[in-house]
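Here's the structure, in structure tokens; my notes come after.
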Amino acid sequence: MAKVLVKGNEAIAQAAINAGCQCYFGYPITPQSEIGEYMGKHLPKLGRTFITAESELASINMVIGAGTTGTKAMTSSSSCGIALMQEAFSAMCCAEVPGVIVSVMRGGPGLGNIAPAQADYFQALKGGGNGDYKLIVLSPSTVQEAIDLTYKAFHLALTYRNPVMLLADGILGQMMEPAEFGEYPYKDPDVSEWALSGANNRPARNIVSLHMPEGAMEELTNRIFEKYALVAKNETMYEDYMLKDAKLVLTAFGSVGRVAKAAVNRARKMGMKVGLFRPITLFPFPDKALHQVAQNADMILDLELNKGQMLLDVRSAVFGACPVEFYGRTAGGLLTPDMIMAKIEELYKKLDNTEESKAGVR
Amino acid sequence: MEGELSVIISGFGGQGALFAGILLCHTAVLEGKHTTWFPSYGAEMRGGAVNCAVNISDHDVPSPIIDKADAVIALNDASQEKFENKVKPGGFMIINSSLSHHKPKRTDIKYINIPLNELAQKLTQPAFVNVMALGAFIEKTGILKLESIKEVMKEMAKTVSAKKAALLPNNLECVEFGANIIKNQLVTV
Amino acid sequence: METLVYKRPESLLKDGHFTFCPGCGHGVILRIIAELIDEFNLQKDTIAISSVGCSIFLEKFFNLDVAGASHGRSPCVATGIKRCKPDKFVFTYQGDGDAATIGFNETIHTACRGEHITTIMINNTNFGMTGGQASATTLVGQVTTTTPMGRKPELTGYPLHAAEIVSKCDGTAFAARVAITDTKHIRQAKEAIKKAFEMQIKGLGYSFVEVLAACPTNWHMTPVESVEHISNVIETVHTLGVFKDITAKENL
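Protein chains in written order, with the working numbering: chain S, 62 to 423; chain C, 967 to 1155; chain D, 126 to 377.
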């Protein structure tokens, strides 16, 4: 199949359709409204369901309904809209309801603005909903990856019976570049063992998130966290770029990952040993791989369009193996290749001075 | 032409700056090149200044965000003001001199002043300044072939409404005319 | 000659025992629902959606597939299910705190969309499970744990009349308010719920039945006093009636 020029938001929508998404429930919000518009145009023609819900709260709960029947369904929103869905994310993780959520981040906090940002990393990864739970979070950095990870999101949601979030930002949502759709590459698991369909020739089933008997909730949570350990073992993804001899390693996710890559290319041309480590799954976070990288690096520079959110996971993974610096902009401020280069040059000078002592320690 | 090139296309809403960028990207895809298009978006889209950044390259384009562009196409005066300092040294700026009368501020870039709106009057109506500017840009840079963008326009006409498709001859005339402005040195560069 | 005088509905679990307070209305209503699902032979094709409050433990009583919903969201969960499984019978079982208070927006929009689902809303004019706080349907003057001096309109406004409002939505096929204060009313309640179920079975639109039910524990009354309270007081505010029936012959 040939490459086509496609906008990030529309690529995600078409990929969802290709993945067999039967229902889209959503509420418009910039910068991701094209997803709903695309679905509204195409799903009814395919005999599938499209509803503009009364709120994001309603949207995600409709996804829950579809999910309890084992049907592939999705919603999409941005920042403040995703905030409204947190209650449902927690319920979905607890009741093990599959579903796909696309979050196209904009500037915050509050209504913020509609410019690109990455300040909803905590929102996606560190809850907002109640209790111990985790979304599986996939972070695309190109339109092609947005397509591939949308496919993966539907597959993982059904495989692990857990909500999966595709965490994009306004840059990826709004930009266009050539990409190839290909076919949905996964064979999905049979849902008939657990999905609700009426108690026909089998005992009645329930999919609920209230478990009152003493110990029941802890037992359930422990089992769900064993599942998360399996997700971490099987599904962790990251990109390493020019890391072999890298003294300064950039860490970045999503769109910033690709801007950082442009900076790495320039730094390399100038003879600086700079590489990029880009987590693709944010949960599971590639902490073991990053720790390895940190052991061979002199310094890590974490780059984000926020005040330092993934930074906590980066520091936790690095665990003191090398210093971690942070450079970010937020609320619509963008990092450009020039800005990142300036920071690289500033930090790289420091590294050269300390090279011998660091080598001595090793 | 081999290599890579970045361009910012800017104008007020309705001049088709964003669409011109999309046309350019489609043309790049047709020629098997790598390309990205990144727009300003949102509240600005109604009437205000809009712009998009386009990269065209023989290699992977990591960053859709650019600090400075090889070229800027400024379809109105606000665009000239806003993006004059965004041109790389040695780069050039196509200025719609029908709407922009600012004195050039830089000596390290080239200015191509084209009275797009006035010239458009000479063509079959409606005529499109964004497409005329694209023709000039393609002829000037040689990064893409004029035939390719015409091909893209023809293909696009097949997928749009009949009303829009009927404007294909006008568009083809505009892009050809734009190219001829450069080819025949109708303006001083 | 043997006459069957009592049979436990198939749609109730054999070992499912109601855990409601003495005099509570939930048990009667759940039984009516179970009987009707049996009568329509829908037990194998039903998905029930529980809500938050005393209405939550459906899976402990019903021999039916059950999906749980968070506070006020069961119409959304029901919408998602019905759109995926249009051939299934889908109903929500909610209280006034759930359907008329935290989730009334969802209730109204589900009605306006004309979703082919049924909502049974138990109205006992308070948040029963959490200890009897005032809800949207609490009567003026009613003493609750959050209105210890009685509900004062100048502070907390007036009771919400759910069935009447839902009846105004174009997608609603049937909306009624019933009581279960005596045998006659229980029969009428069953008739109304049956009508509501038929609306869904025939694909005519959204159907909504509000059932006035006693909450002796939180009302601080005996079961008998509670029933009298419904007849003598609550029904004067939340009046009984069929507010919409698109199949009625003498539709105005």
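For every residue, glycine included, the Cβ atom is placed at its ideal position computed from N, Cα and C.
Check: Could you give the residue range of the alpha helix (DSSP H) that holds residue 283 of chain S?; Outcome: 277–296
Check: Please report how far the alpha carbon of residue 293 of chain S lies from the alpha carbon of residue 191 of chain S, in whole angstroms.; Outcome: 22 Å
Check: Ignore the nearest five residues each way along the sequence and tell me which others in residue 1010 of chain C's own chain have a CB closer than 8 Å to its CB.; Outcome: Only weak support is given to the placement of residue 1010 of chain C: the predicted model assigns it a pLDDT of 48, under 50, and the value that follows is read from those uncertain coordinates. Hits under 8 Å: 979 and 1016.
Check: Between the C-alpha atoms of residue 367 of chain S and residue 325 of chain D, what's the straight-line distance to the nearest angstrom?; Outcome: 49 Å
Check: Is it buried or exposed, residue 274 of chain D, if we count other Cβ atoms within 10 angstroms and call 16 or more buried?; Outcome: exposed
Check: Does DSSP put residue 177 of chain S in a helix, a strand or coil?; Outcome: strand
Check: Whose CA, out of C/1121, C/1065, C/1036 and C/1122, lies closest to the CA of residue 1047 of chain C?; Outcome: C/1065
Check: For a test of the three-state rule: what should DSSP assign to residue 208 of chain D, helix, strand or coil?; Outcome: helix
Check: Using beta carbons (cut-off 8 Å, strictly below), is residue 206 of chain D in contact with chain S?; Outcome: yes
Check: If I'm right that residue 1136 of chain C touches residue 1119 of chain C with Cβ under 8 Å, what's the distance once you round it to whole angstroms?; Outcome: Between residue 1119 of chain C and residue 1136 of chain C the Cβ distance is about 10 Å, and since that is not below 8 Å, they are no contact.
Check: Anything in chain C within Cβ reach of residue 399 of chain S, meaning under 7 Å, just list it in chain order.; Outcome: 1033
Check: Would you report the Cα separation of residue 179 of chain S and residue 1139 of chain C, rounded to the nearest angstrom?; Outcome: 44 Å
Check: The beta strand (DSSP E) with residue 972 of chain C in it runs from where to where?; Outcome: 970–978
Check: Identify whether residue 227 of chain S lies in helix, strand or coil by the three-state DSSP scheme.; Outcome: strand
Check: Should the stretch 369–381 of chain S be called in touch with the stretch 315–335 of chain S, which here means at least 3 C-beta pairs below 8 Å?; Outcome: no
Check: How many Å lie between residue 132 of chain S and residue 310 of chain D at the Cα?; Outcome: 41 Å
Check: Pair every Cβ in the stretch 173–187 of chain D with every Cβ in the stretch 241–260 of chain D, then say whether three or more of these pairs are closer than 8 Å.; Outcome: yes
Check: Under 8 Å between C-beta atoms, does residue 988 of chain C make it to chain S?; Outcome: yes
Check: Our contact map puts residue 148 of chain D next to residue 356 of chain D with C-beta atoms below 8 Å; I'd like the distance itself, whole angstroms only.; Outcome: Their Cβ separation, rounded to whole angstroms, is 14 Å, which puts residue 148 of chain D and residue 356 of chain D out of contact at 8 Å.
Check: Please confirm whether residue 1094 of chain C has its beta-carbon closer than 8 Å to some beta-carbon of chain S.; Outcome: no
Check: Quick check: is the beta carbon of residue 1029 of chain C nearer than 8 Å to any beta carbon in chain S?; Outcome: yes
Check: Give every residue of the same chain whose Cβ lies closer than 8 Å to the Cβ of residue 420 of chain S, excluding the five residues on either side of it in the sequence, and list them in chain order.; Outcome: Unreliable positioning characterises residue 420 of chain S in this predicted model, as indicated by a pLDDT of 45, which lies under 50. The coordinate reading is nonetheless provided below. Cβ neighbours of residue 420 of chain S beyond the five flanking positions: none.
Check: Please find out if some non-hydrogen atom of the ligand MN comes closer than 7 Å to the beta-carbon of residue 1053 of chain C.; Outcome: For the ligand MN, the structure offers nothing, since it holds no ligand at all.
Check: Please list the partners that residue 1005 of chain C has in chain S, where partner means a Cβ-to-Cβ separation under 7 Å.; Outcome: 235
Check: I want to know whether the stretch 196–215 of chain S touches the stretch 109–124 of chain S - three or more CB-CB distances under 8 Å.; Outcome: no
Check: Looking at residue 359 of chain D: is its Cβ nearer than 8 Å to the Cβ of residue 245 of chain D?; Outcome: no
Check: How about residue 220 of chain S and residue 250 of chain S: do their beta carbons lie closer than 8 Å?; Outcome: yes
Check: Could you tell me whether the stretch 130–146 of chain D touches the stretch 207–218 of chain D, where touching means 3 or more Cβ pairs closer than 8 Å?; Outcome: no
Check: What did DSSP end up calling residue 243 of chain D once you bin it into helix, strand or coil?; Outcome: strand
Check: Does DSSP classify residue 187 of chain S as helix, strand or coil?; Outcome: coil
Check: My guess is that residue 1040 of chain C and residue 1078 of chain C are in contact by the Cβ rule of under 8 Å, so how many angstroms apart are they, rounded?; Outcome: 10 Å between Cβ atoms; not a contact.
Check: Could you tell me which residues DSSP puts in a beta bridge with residue 300 of chain D?; Outcome: D/333 and D/369
Check: If we define contact as Cβ-Cβ less than 8 Å, is residue 283 of chain S a contact residue for chain D?; Outcome: no
Check: Do you know whose CA, among C/1003, C/984 and C/990, lies nearest residue 1109 of chain C's CA?; Outcome: C/990
Check: Using the beta-carbon of each residue, which ones in chain C are nearer than 8 Å to residue 326 of chain S?; Outcome: 1028
Check: Relative to chain D, which residues along the stretch 150–161 of chain S have a C-beta separation below 7 Å, given in chain order?; Outcome: 152 and 156
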